[in-house]
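Colleague: The structure under discussion is supplied below as structure tokens; questions concerning it will follow.
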Amino acid sequence: MKKRILFGMMLIGSMLILQTSCDKVENPIKPPVEQDTTIFPGNWADYPEPVWTQNANSNRNILLEDYTGHRCPNCPQAADEAKLLEDNNPGRVFVASVHAGLGGISSFQETATDCGLPSNPENKYCTQFYNDISLAYGNAFSSGFGFIGNPMGTINRTTPTGPTSMFLLRNAWAGRVSDVLNANDLKVNIQAQSNYYASTNGFYLHTEVEFLEDLTGNYNTVVYLIENDILDWQDVNSYDSLYHHHNVMQDCIDGLPWGRTISGGTETGNKTYFDYSYKLPSGKTNEDYHLLIYVYDLDTYEVLQVIKHEF
């Protein structure tokens, strides 16, 4: 079973002041949290502390969450649109394919009931693409957000005309993407560093969140584990056994679908640091995945910034 452990802030006290003496930093000391030190193939005392430089990014990026299912015949068209928007906006638009429907699981996400039996010799629809994280989102967004079924998607979970405008049909994605990119309203910056160890097939992730404006409210950081590509069955108004499922959201690396609370203050220049550890599934390596790290408003769900990180 995957080991999901978030360990607390490492850059605190005098070291934090030393590294960011020109920045306003209000990071409270966190209680100690267990660290998966077995990922590091050596003496844990030798693990390198991250050193941060000033984040010069000036662009607000987009998280496009494509709510999909492997039994959904119209979903491949939506997936093609998502990939096109990502390809046409490199480094600005990032896709997470979220296998969830209304209430979590609909008929589009279900796996076959005869897997491994003679009645299903090719194990059609036997891969479980949904997970605890996607089901949490499917449940949470099933009422009041405009989610009426697959395929639909969110663009930074923006709601320009109210909560019910969060979910869009695929033909409206490009317009919403264009609106957000053109506004380029960047309020939060994110940086990430990581260390992957092939011998233990695990990694450590370190993130920095910096507020560029004075904000009120509550904000959380979430880290998606995204599988780059899976060849498997998909309903395409027929049956495709070698369909490319791109950017499949497989997990949050701390197991928390709603993320960790940013506690370093939300005024201009304030920074919060989180550190994570994660072991990848057996048979997979870091080349099979990337991470999407984002900050969102806990009250509105809007994503203020997202970055892609390869580890």
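Residue 67 in the numbering used here sits at position 74 of the sequence shown, and the numbers go up by one each step.
By construction, the Cβ of each residue, glycine as well, lies at the ideal position given by its N, Cα and C atoms.
Figure out for me which residue from Gly155, Thr106, Ala71, Pro274 has the closest Cα to the Cα of histidine 92.
Modeller: Measuring from the Cα of histidine 92, the nearest candidate turns out to be Ala71.
Colleague: Smallest Cα separation from asparagine 182: which of Ile32, Ala191, Asn54, Ser127?
Modeller: For the residues Ile32, Ala191, Asn54, Ser127, the minimum Cα distance to asparagine 182 belongs to Asn54.
Colleague: Confirm, please, whether the CB-CB distance from glutamate 295 to threonine 154 is below 9 Å.
Modeller: No, these two residues do not count as a Cβ contact at 9 Å.
Colleague: Could you check which residue in Ser112, Thr61, Gly258, Gly262 has the C-alpha nearest to that of asparagine 211?
Modeller: Measuring from the Cα of asparagine 211, the nearest candidate turns out to be Gly258.
Colleague: DSSP three-state label for glycine 195, please.
Modeller: Strand at glycine 195.
Colleague: Here's the rule: buried if 16 or more other CB atoms are within 10 angstroms of the residue's CB, otherwise exposed. What is valine 44?
Modeller: Exposed, by the Cβ-count rule.
Colleague: Could you tell me the alpha carbon to alpha carbon distance between leucine 57 and valine 86, rounded to whole angstroms?
Modeller: Using only the alpha carbons, I get a separation of about 7 Å.
Colleague: Where does arginine 85 fall in DSSP's three states?
Modeller: Note: arginine 85 maps to coil in three-state DSSP.
Colleague: Identify the continuous beta strand (DSSP E) that holds aspartate 290 and give its terminal residues.
Modeller: Element bounds for aspartate 290: 282 to 290.
Colleague: Would the region 253 to 270 and the region 196 to 203 be scored as touching if the rule is three or more Cβ pairs under 8 Å?
Modeller: Contact between the region 253 to 270 and the region 196 to 203 is present, because at least three Cβ pairs lie under 8 Å.
Colleague: Apart from the five residues on each side of it in sequence, which residues of its chain come closer than 8 Å, Cβ to Cβ, to glutamine 121?
Modeller: Cβ neighbours of glutamine 121 beyond the five flanking positions: Thr104.
Colleague: As a quick exercise: from Lys272, Ile219, Asp292, pick the residue whose alpha carbon is nearest that of tyrosine 190.
Modeller: Here the closest residue by C-alpha is Lys272.
Colleague: In whole angstroms, what separates the C-alpha of phenylalanine 304 from that of serine 275?
Modeller: In a straight line, the C-alpha of phenylalanine 304 is about 17 Å away from that of serine 275.
Colleague: Name the DSSP bridge partner or partners of cysteine 245?
Modeller: BP columns for cysteine 245 point to Tyr217.
Colleague: What separation, rounded to the nearest whole angstrom, lies between the Cα atoms of glycine 269 and alanine 38?
Modeller: For clarity, residue 269 is tyrosine in the given sequence; the question names glycine instead. Each residue's alpha carbon lies about 17 Å from the other.
Colleague: Should lysine 277 go down as buried or exposed, given a rule of 16 or more other Cβ atoms within 10 Å for buried?
Modeller: With fewer than 16 other Cβ atoms within 10 Å, it is exposed.
Colleague: Does aspartate 178 pass the burial test, meaning 16 or more other C-beta atoms within 10 Å, or should it be called exposed?
Modeller: Flag for aspartate 178 reads exposed.
Colleague: So, with DSSP's three-state summary, where would you put aspartate 107?
Modeller: Three-state DSSP puts aspartate 107 in coil, outside helix and strand.
Colleague: Would you mind sorting glutamate 79 into buried or exposed? The rule is 16 or more other CB atoms within 10 Å of its CB.
Modeller: The residue in question, glutamate 79, is buried, as its Cβ has 16 or more Cβ neighbours within 10 Å.
Colleague: Can you give me the start and stop residues for the beta strand (DSSP E) that phenylalanine 148 sits inside?
Modeller: The sequence given here places isoleucine at residue 148; phenylalanine does not occur at that position. Here the beta strand (DSSP E) through isoleucine 148 covers 145 to 148.
Colleague: Answer yes or no: do aspartate 73 and glycine 146 have a C-beta to C-beta separation smaller than 9 Å?
Modeller: No, the pair does not count as a contact, with Cβ atoms beyond the cut-off.
Colleague: Using a threshold of 9 Å, state whether the C-beta atoms of valine 88 and histidine 239 are closer than that.
Modeller: Yes.
Colleague: Excluding five sequence neighbours on each side, which residues of the same chain lie with their C-beta closer than 7 Å to the C-beta of threonine 31?
Modeller: Once the five neighbours on either side are set aside, the close Cβ partners of threonine 31 are Thr193.
Colleague: Which whole-angstrom value is the C-beta distance of leucine 139 and serine 99, which I expect to be below 8 Å?
Modeller: Note that residue 139 corresponds to glycine in the displayed sequence, not to leucine. Between serine 99 and glycine 139 the Cβ distance is about 16 Å, and since that is not below 8 Å, they are no contact.
Colleague: Is glutamate 42 buried or exposed, if buried means 16 or more other CB atoms sit within 10 Å of its CB?
Modeller: The residue in question, glutamate 42, is exposed, as its Cβ has fewer than 16 Cβ neighbours within 10 Å.
Colleague: So is the beta-carbon of glutamate 103 under 8 Å away from any non-hydrogen atom of the ligand MN?
Modeller: With respect to small molecules bound, the structure shown includes none, and the ligand MN cannot be examined in it.
Colleague: The beta strand (DSSP E) with valine 299 in it runs from where to where?
Modeller: Residues 296 to 302.
Colleague: Quick one: give me the first and last residue of the alpha helix (DSSP H) that aspartate 125 is part of.
Modeller: Unbroken alpha helix (DSSP H) run through aspartate 125: 125 to 133.
Colleague: Compute the Euclidean distance between the alpha carbons of alanine 185 and valine 299, then round it to the nearest angstrom.
Modeller: Looking at the two C-alpha atoms, the distance is approximately 11 Å.
Colleague: CB-CB under 7 Å to asparagine 52, same chain, minus the five flanking residues each way: which ones, in chain order?
Modeller: Only Arg85, Asn177, Leu179 meet the Cβ criterion.
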